[in-house]
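Visitor: Numbers given in this note's numbering equal positions in the sequence shown, counted from 1, plus 1099.
The beta-carbon is built from N, C-alpha and C at its ideal position, and this holds for glycine as well.
One structure, pasted below without further comment.
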Amino acid sequence: MNLRRLTYGLAAVFALIGPTLFLRNINLSDWGMLLVELGFALWLISPFVLIALAVRSDRFSATGAVIATIFAGLFGAWFYTELTFHFYTKSDAQDGIAMLFVAAYQHAIIILTMGLFFFVGWFQARRK
């Protein structure tokens, strides 16, 4: 299987987990906040849009993109399900805010992983 297609597929699957669980937790009866809530849902998708754009640009390693997608996706899936269903923690008022910070952590994971693979690829090309 092509690594680009695998990356796109994994990114699509992982990108749906956060917004789905976020929209499950919020109160959708207040229509005045709908645009804000949809903006938050788009923020939760943004790490995987970043990966898709990096893979499309051909400047980054496809292997690095798959690994970054798996790291960020599994971290986000675990954290979102923990914040939604509370397997190990107790529910508190900061769960909604914590969900928004997961995307920031995913961005950091992706940028660091993709940067590391970019540097390793650059260093190997320079050594040849």
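Leaving out the 5 sequence neighbours to the left and right, which residues in its chain are closer than 7 Å to Ile1209 when beta-carbon positions are compared?
Guide: Pro1146, Leu1149, Ile1150, Ala1167, Ala1171
Visitor: Tell me the DSSP secondary structure of Leu1173 in three-state form.
Guide: helix
Visitor: If you measure between the beta carbons of Gly1117 and Val1201, is that distance less than 8 Å?
Guide: yes
Visitor: What residue range is occupied by the uninterrupted alpha helix (DSSP H) comprising Arg1225?
Guide: Going by DSSP, Arg1225 is part of the alpha helix (DSSP H) stretching over 1194-1226.
Visitor: Using the C-alpha atoms, what's the distance from Phe1139 back to Leu1199?
Guide: 7 Å
Visitor: Under DSSP, the alpha helix (DSSP H) around Leu1120 begins and ends at which residues?
Guide: First-last of the alpha helix (DSSP H) with Leu1120: 1102-1124.
Visitor: Three or more C-beta pairs closer than 8 Å, one from the segment 1149-1163 and one from the segment 1127-1137: is that the case here?
Guide: no
Visitor: From Phe1222 to Lys1189, what does the alpha carbon distance come to, in whole angstroms?
Guide: 46 Å
Visitor: Please list, in chain order, all residues of the same chain as Ala1110 whose beta carbon is under 7 Å from its beta carbon, the five residues on each side excluded.
Guide: Within the same chain, Phe1147, Ile1150, Ala1151, Thr1168 come within 7 Å of Ala1110 by CB-CB distance, once the 5 residues on both sides are set aside.
Visitor: Compare the Cα-Cα distances from Thr1106 to each of Gly1214, Thr1180, Lys1227, Gly1163 and report the closest residue.
Guide: Gly1163
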